[in-house]
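K.L.:
Take a look at the following structure, please.
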Amino acid sequence: MTDLPFRSASEQVAEMRAGEYSPVDLLEAHLDRIDTRNDRTNAFVTIVQEDARAAAREAEAAIENDEQVGPLHGVPVAIKDLVPTADVRTTFGSKAFAEFVPEESAILLERLREAGAIVIGKTNTPEFGHKGTTDNPLFGPTHTPYAPGRTAGGSSGGSAAAVADGLAALAQGSDGGGSLRIPAACCGVVGLMPSFGRVPVENRPDGIHHTPFSQNGPLARTVEDAARMLEVMADPHPRDPLCLPDDGTDFPGAVDRGIEDLAIAYSDDLGVFTVRSDVREIVDSAVDALAGAGADVAASDPEFEHSREAMLDAWRTGFRVGLAATNAGFRREMGIDLVGEYRVETTPELVEHIEAGENTGALGYKRADTVRTAVFDAIQDTFAEYDLLVTPTIALPPFDSAILGPTEIEGESIDPLYGWFLTWIFNMTGHPAASVPAGKSEEGLPVGLQIVGPRFREDRVLAAAAAFERAQPWQDDYPR
121 MTDLPFRSAS
131 EQVAEMRAGE
141 YSPVDLLEAH
151 LDRIDTRNDR
161 TNAFVTIVQE
171 DARAAAREAE
181 AAIENDEQVG
191 PLHGVPVAIK
201 DLVPTADVRT
211 TFGSKAFAEF
221 VPEESAILLE
231 RLREAGAIVI
241 GKTNTPEFGH
251 KGTTDNPLFG
261 PTHTPYAPGR
271 TAGGSSGGSA
281 AAVADGLAAL
291 AQGSDGGGSL
301 RIPAACCGVV
311 GLMPSFGRVP
321 VENRPDGIHH
331 TPFSQNGPLA
341 RTVEDAARML
351 EVMADPHPRD
361 PLCLPDDGTD
371 FPGAVDRGIE
381 DLAIAYSDDL
391 GVFTVRSDVR
401 EIVDSAVDAL
411 AGAGADVAAS
421 DPEFEHSREA
431 MLDAWRTGFR
441 VGLAATNAGF
451 RREMGIDLVG
461 EYRVETTPEL
471 VEHIEAGENT
481 GALGYKRADT
491 VRTAVFDAIQ
501 DTFAEYDLLV
511 TPTIALPPFD
521 SAILGPTEIE
531 GESIDPLYGW
541 FLTWIFNMTG
551 HPAASVPAGK
561 SEEGLPVGLQ
571 IVGPRFREDR
581 VLAAAAAFER
591 AQPWQDDYPR
């Protein structure tokens with residue numbers, strides 16, 4: 121049973137239905153591994169052991185009674201600690217919410233449970249998901265399983281580390297600037313940010329939407345598993361006015377398609393980022409594998425109208441306003457103010473973001489939207505000519521967990537918070553984007569390949585990711 125945690129979720133579902141082992145067996149194998157491994161990565165911050173065991177017993181009985189079961193029946197799943205979970209502590213990585221227990225669960229959690237998934241616990245995140253690494257004043261840092269002491273990325277770092285280390289078969293994450301794709305790259309897993317509106321959001325403090333940039337999505341060890349989880353999470357909901365209608369897309373079915381008819385643009389730096397040379401070489405090789413799988417690949421950079429700094433400032437403006445709105449909701453409804461009485465306990469960078477958001481006027485916000493529109497147009501121009509765009513996910517392999525981020529790459533000074541990931545561009549535009557394992561550095565650290573598709577074409581992203589997975593499989597690479 122020691123290898124059960126590294127079976128894919130799709131294999132686990134089929135094997136449990138065939139009676140090779142039970143949901144109880146599978147859960148206990150994961151709990152045993154959490155007992156022995158979680159201290160290395162700090163992936164989980166809350167384990168709901170007894171609730172999970174009760175759910176596993178129910179799942180086992182359903183199979184024994186030959187009942188109709190869901191597509192994730194019996195599969196252990198991790199949930200990021202930004203997602204409300206009824207009757208289970210949800211801290212947001214914040215000391216202000218160290219003992220907060222919501223009364224209701226998020227839509228996506230309900231959907232996962234309806235599909236038969238067994239929630240095993242909550243995973244670590246930076247405070248309110250405000251940065252691309254995972255550490256917070258409440259629980260400390262999360263590390264990649266490949267090298268404890270190196271960052272797992274963020275903000276879904278706990279979820280990515282849990283999946284990579286066999287502590288959960290699948291995990292939910294969210295992505296407001298790369299928070300699914302960055303940790304996927306750092307932990308060597310698959311992370312998919314869907315098109316804006318694909319996965320509904322209902323717990324939005326501003327009455328319309330949680331932030332103008334963030335989406336929930338899956339983290340998995342295989343592309344097929346990510347597609348299977350997305351199938352469960354997607355579809356409209358009456359409480360989200362911006363969710364997409366059901367367009368009939370078959371996400372799992374996309375995995376078996378080839379890419380022989382696809383034209384792919386490859387940009388090794390999006391024309392505006394600095395990327396470490398060894399990462400470029402690894403991603404170059406990955407792109408060659410896509411060409412070997414039949415795609416027509418050509419070098420092409422998006423033609424952005426603005427500088428990287430101007431685009432980053434526009435993205436950061438929207439992100440900060442969203443955080444300020446969240447804090448205003450807490451202040452109004454719960455009497456909690458992260459920049460007031462909890463200022464000392466709150467991460468300094470988060471305080472800075474909230475206050476900057478509070479001080480952003482209407483004209484500043486609209487100026488940011490103007491830049492965002494120009495970024496969207498540039499990416500749309502790329503997709504007028506190409507079917508997909510591929511890039512490195514982040515500019516360097518995982519770095520020391522104790523630092524905020526690198527201050528320079530290849531001799532160029534960069535913003536340590538946001539200057540090293542090539543992901544936030546696509547949060548501005550709403551295009552679906554995935555990170556898959558591209559290879560490893562000389563130090564044995566994972567490097568990610570980012571695959572971006574036209575709006576609403578997650579199926580095309582999944583098809584390319586799966587074709588690459590067949591050409592360059594990574595299933596045997598995970599730390600055991």
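Just so you know, the sequence shown maps onto residues 121 to 600 in our numbering.
We treat Cβ as the ideally placed atom computed from N, Cα and C, and that holds for glycine.
Going along the chain, which residues of its own chain have a beta-carbon closer than 7 Å to the beta-carbon of A494, five neighbours each way excluded?
P.N.:
Position 374 of the sequence shown, counted from the start, is the residue given in the question as residue 494. Counting only Cβ-Cβ distances below 7 Å, and skipping sequence neighbours, we find E425, H426.
K.L.:
Please state if the CB of P125 and the CB of M136 are separated by a distance shorter than 8 Å.
P.N.:
On the sequence shown, residue 136 is found 16 positions in, with the first residue counted as 1. On the sequence shown, residue 125 is found 5 positions in, with the first residue counted as 1. Contact: no.
K.L.:
Can you give me the Cβ contacts of S276 inside the same chain, cut-off strictly under 6 Å, excluding the 5 residues immediately before and after it?
P.N.:
Working through the sequence shown from its first residue, we reach residue 276 at position 156. Result list for S276: K200, G293, S299, L300, P303, in chain order.
K.L.:
Exposed or buried, L202, counting other C-beta atoms within 10 Å across all chains shown (16 or more means buried)?
P.N.:
If you number the sequence shown from 1, residue 202 lands on position 82. L202 should be labelled buried.
K.L.:
Would you report the Cα separation of L542 and L483, rounded to the nearest angstrom?
P.N.:
Numbered from its first residue, the sequence shown carries residue 542 at position 422. Numbered from its first residue, the sequence shown carries residue 483 at position 363. Using only the alpha carbons, I get a separation of about 27 Å.
K.L.:
Give the DSSP-derived three-state secondary structure of Q188 in the structure shown.
P.N.:
Here residue 188 refers to the residue found at position 68 when the sequence shown is read from its first residue. If DSSP states are grouped into helix, strand and coil, Q188 belongs with coil.
K.L.:
Taking D207 as part of the alpha helix (DSSP H), name the residues at either end of that continuous run.
P.N.:
If you number the sequence shown from 1, residue 207 lands on position 87. Run containing D207: none; DSSP gives neither H nor E here.
K.L.:
Just to confirm the assignment, what range does the beta strand (DSSP E) spanning G373 have?
P.N.:
Locating residue 373 in the sequence shown gives position 253, where the first residue counts as 1. Premise fails: G373 lies in the alpha helix (DSSP H), 371-374, not in any beta strand (DSSP E).
K.L.:
What are the start and end residues of each continuous alpha helix (DSSP H) run of 4 or more residues lying completely inside the stretch 509-550, in chain order?
P.N.:
With a minimum length of 4 residues, the continuous alpha helix (DSSP H) runs that stay inside the stretch 509-550 are 544-549.
K.L.:
Assuming contact is defined by CB atoms lying nearer than 8 Å, are A558 and G568 in contact in what I supplied?
P.N.:
Reading the sequence shown from its first residue, position 438 is the one you call residue 558. Reading the sequence shown from its first residue, position 448 is the one you call residue 568. Cβ atoms of A558 and G568: closer than 8 Å.
K.L.:
Determine the direct distance from the alpha carbon of A383 to that of D207, and round the result to whole angstroms.
P.N.:
Within the sequence shown, residue 207 is the residue found at index 87, counting from 1. Within the sequence shown, residue 383 is the residue found at index 263, counting from 1. C-alpha separation (whole angstroms): 48 Å.
K.L.:
In whole angstroms, what separates the C-alpha of A591 from that of I402?
P.N.:
Within the sequence shown, numbered from 1, the residue matching residue 591 stands at position 471. Within the sequence shown, numbered from 1, the residue matching residue 402 stands at position 282. Each residue's alpha carbon lies about 14 Å from the other.
K.L.:
Closest to L582 by C-alpha separation, out of E461, A346, V471, L516, would be which residue?
P.N.:
Counting from 1 along the sequence shown, the entry for residue 582 is found at position 462. Closest by alpha carbon: A346.
K.L.:
Are the beta-carbon atoms belonging to K251 and E469 less than 8 Å from one another?
P.N.:
By one-based count along the sequence shown, residue 251 stands at place 131. By one-based count along the sequence shown, residue 469 stands at place 349. Yes, Cβ-Cβ distance for K251 and E469 is below 8 Å.
K.L.:
Tell me which residues share the same chain as A586 and place their Cβ nearer than 6 Å to its Cβ, disregarding the 5 neighbours each side in the sequence.
P.N.:
Here residue 586 refers to the residue found at position 466 when the sequence shown is read from its first residue. For A586, where only same-chain residues beyond five positions count, the Cβ hits under 6 Å are V343, V375.
K.L.:
Which of the three DSSP states, helix, strand or coil, is assigned to G273?
P.N.:
Numbered from its first residue, the sequence shown carries residue 273 at position 153. G273 falls in the coil class under three-state DSSP.
K.L.:
When you compare only the Cα positions, how much space is there between I456 and Y485?
P.N.:
Sequence index remark: in the sequence shown, residue 456 carries index 336 (1-based). Sequence index remark: in the sequence shown, residue 485 carries index 365 (1-based). Each residue's Cα considered, the two are about 25 Å apart.
K.L.:
In or out: S397 buried (at least 16 other Cβ within 10 Å) or exposed?
P.N.:
Within the sequence shown, the letter at position 277 stands for residue 397. Classification of S397: exposed, given that the 10 Å Cβ count is below 16.
K.L.:
With distances taken Cα to Cα, identify the nearest neighbour of A354 among V165, F316, D535.
P.N.:
For the purposes of this step, residue 354 is taken as residue 234 along the sequence shown, with counting starting at 1. Per the Cα distances, F316.
K.L.:
Please work out which residues of its chain come closer than 6 Å, Cβ to Cβ, to V309, disregarding the five sequence neighbours upstream and downstream, and give them in chain order.
P.N.:
Sequence index remark: in the sequence shown, residue 309 carries index 189 (1-based). So the qualifying residues of the chain are A280, V283, A284, L339, R341.
K.L.:
Restricting to runs no shorter than 3 residues, where is the beta strand (DSSP E) found entirely within the stretch 191-242?
P.N.:
For the stretch 191-242, whole beta strand (DSSP E) runs of length 3 or above, ordered along the chain, are 196-200.
K.L.:
Where does H329 fall in DSSP's three states?
P.N.:
Walking along the sequence shown from the start, residue 329 turns up at place 209. A caution first: H329 carries a pLDDT of 47, below 50, which makes its placement in the model unreliable, though a value can still be read off. Note: H329 maps to coil in three-state DSSP.
K.L.:
Once you ignore the five residues that flank P191 on each side, which residues in its own chain have a CB closer than 8 Å to its CB?
P.N.:
Position 71 of the sequence shown, counting from 1, holds the residue named residue 191. These residues qualify, in order along the chain: V133, A235, G236, R348, E351, V352.
K.L.:
Identify, in the order they occur along the chain, each residue of the same chain with its Cβ nearer than 6 Å to the Cβ of A434, setting aside the five sequence neighbours on each side.
P.N.:
Residue 434 sits at position 314 when you count from the first residue of the sequence shown. Result list for A434: A488, V491, R492, in chain order.
K.L.:
Considering only C-alpha positions, which residue in the set A218, G274, V189, I227 is nearest to T205?
P.N.:
Residue numbering aside, residue 205 sits at position 85 when the sequence shown is read from its first letter. Ranking the options by Cα distance to T205, first place goes to I227.
K.L.:
Could you have a look at V251 and say whether DSSP puts it in helix, strand or coil?
P.N.:
Here residue 251 corresponds to residue number 131 of the sequence shown, with the count starting at 1. Reading the sequence as shown, one finds Lys at residue 251 and not Val. Note: K251 maps to coil in three-state DSSP.
K.L.:
Could you work out which residue in D408, D171, N256 is closest to A385 when comparing CA atoms only?
P.N.:
Locating residue 385 in the sequence shown gives position 265, where the first residue counts as 1. Among D408, D171, N256, the Cα nearest to that of A385 is on D408.
K.L.:
Where does the unbroken alpha helix (DSSP H) through N158 begin, and where does it stop?
P.N.:
On the sequence shown, residue 158 is found 38 positions in, with the first residue counted as 1. That run of the alpha helix (DSSP H) goes 143-161.
K.L.:
Verify whether the separation of the beta carbon atoms of T245 and G213 is less than 8 Å.
P.N.:
One-based indexing of the sequence shown puts residue 245 at position 125. One-based indexing of the sequence shown puts residue 213 at position 93. Result yes, Cβ atoms of T245 and G213 sit closer than 8 Å.
K.L.:
Using a Cβ-Cβ cutoff of less than 8 Å, which residues in the same chain neighbour R153 once the five nearest sequence positions on both sides are dropped?
P.N.:
Taking the sequence shown and counting its residues from 1, one reaches residue 153 at position 33. So the qualifying residues of the chain are P125, D285, G286, L287.
K.L.:
On the DSSP bridge list, what partners appear for N336?
P.N.:
As a working note, residue 336 is residue 216 in the sequence shown. DSSP lists S294 as partners of N336.
K.L.:
Considering T166, what are the terminal residues of the beta strand (DSSP E) in which it resides?
P.N.:
On the sequence shown, residue 166 is found 46 positions in, with the first residue counted as 1. 164-167 is the extent of the beta strand (DSSP E) around T166.
K.L.:
Tell me the residue span of the alpha helix (DSSP H) that contains P303.
P.N.:
The count along the sequence shown starts at 1 and reaches residue 303 at position 183. Element bounds for P303: 301-307.
K.L.:
In chain order, what residues of the same chain lie with their CB nearer than 6 Å to the CB of R318, ignoring the 5 residues before and after it?
P.N.:
On the sequence shown, position 198 is the one that residue 318 refers to. So the list reads A354, L364, once near-sequence residues are dropped.
K.L.:
Apply the 10 Å Cβ neighbour rule to P358 and answer buried if 16 or more other Cβ atoms are within range, or exposed otherwise.
P.N.:
As a working mapping, residue 358 is identified with position 238 in the sequence shown. Label assigned to P358: exposed.
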